[in-house]
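Enquirer: I have a structure here, written as structure tokens, and I will follow up with some questions on it.
Numbering (the working numbering), first residue to last: 305 to 596.
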């Protein structure tokens, strides 16, 4: 990880304008209008007139919610504050997913840890029911101390994961070399807080300390610039907008040179696992998209 005073200054310069811009675009929406509590028997709640949503986990059960809308492409932001303190064994999952045996999915999963140890941010992309495309990261801040914005940009050309506006991962459309890409199945947003102490922390070596329960994750400032899907039709025009169109510019958005540099910085300093580097896992050769 970057630790010198020079790299700290670079980090500050890289993140400050992005953080500021993320604050500017964040809007207070009514979570009651966008989400349904789906399970948890009262452990999930929408509070403050729809401004805040909380999920809780105790020894009896976790909890979860899903979006009322389905989406086919979009730029989706959510501010999340993760379980503080000793969160070992817990997983906070936030993801897009379709249904069926050949589902598509775009994952953020936050793997809890002992107090003082960093969370692991786990990402994965499923297309046509096939995943195994994991990348994992540490974060450059304490994700339990305050809310941070986790974003998914999903358009026909690429999927970009961002944290506070800083890109951490890009998954490009590689259909030209035979790799399926999520582009035909509408997806809902899901989130859940659940116990996974058989694998989540140090491969299951550290178990959940139930004396710390209930564990709580919090959500606010949801924003979706997206194509909603209803009755087999998209709310977006079939024509691809020009890059100058502000309303749907994300449909053709790609990383500019500055964003590419930030992506490289994150992956150099904070990536702890990349399936595209795991030759032991893929002895017959890395997946084709890794060389695209």
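Ideal Cβ placement from N, Cα and C applies to all residues, glycine included.
#1: So, using beta-carbon positions, are residue 349 and residue 358 closer together than 7 Å?
#2: For a quick check, are the C-beta atoms of residue 411 and residue 396 less than 7 Å apart?
#3: Terminal residues of the continuous alpha helix (DSSP H) containing residue 335?
#4: Using a Cβ-Cβ cut-off of 8 Å (strictly less than) and excluding sequence neighbours within five positions of residue 431, which residues of its own chain qualify?
#5: Over the uninterrupted alpha helix (DSSP H) stretch that includes residue 563, give me the two end residues.
#6: Where residue 480 and residue 489 are concerned, what is the direct C-alpha to C-alpha distance, given to the nearest angstrom?
#7: Which ranges does the beta strand (DSSP E) cover as unbroken runs of at least 3 residues, wholly within the region 368-409, from first to last along the chain?
#8: At the level of alpha carbons, what is the spacing between residue 344 and residue 585?
#9: Keeping to the same chain, check which residues put their C-beta closer than 8 Å to that of residue 423; ignore five residues upstream and five downstream.
#10: Is residue 553 helix, strand or coil by DSSP?
#11: Find the nearest neighbour of residue 463 within the set 438, 454, 429, 494, judged by alpha-carbon distance.
#12: Measuring straight from C-alpha to C-alpha, what distance separates residue 400 and residue 531?
#13: Tell me, please, whether the region 362-372 touches the region 508-524 by the rule of three or more beta-carbon pairs shorter than 8 Å.
#14: Looking at the secondary structure, which residues open and close the beta strand (DSSP E) in which residue 465 lies?
#15: Among the residues of its own chain, which have a CB less than 6 Å from the CB of residue 339, if the five just before and after it don't count?
#16: Verify the contact flag: residue 348, CB atom, against every heavy atom of the ligand GDP, threshold strictly below 6 Å.
#17: Please report how far the alpha carbon of residue 566 lies from the alpha carbon of residue 346, in whole angstroms.
Expert: Result, derived from the coordinates:
#1: yes
#2: no
#3: 335-338
#4: 408, 483, 484, 485, 486
#5: 561-573
#6: 19 Å
#7: 374-385, 394-401
#8: 36 Å
#9: 386, 391, 414, 415, 416, 417, 442, 443, 447, 448
#10: helix
#11: 429
#12: 14 Å
#13: yes
#14: 462-467
#15: 369, 371
#16: Judged by which ligands are present, the structure shown has none, so any question about the ligand GDP falls away.
#17: 41 Å
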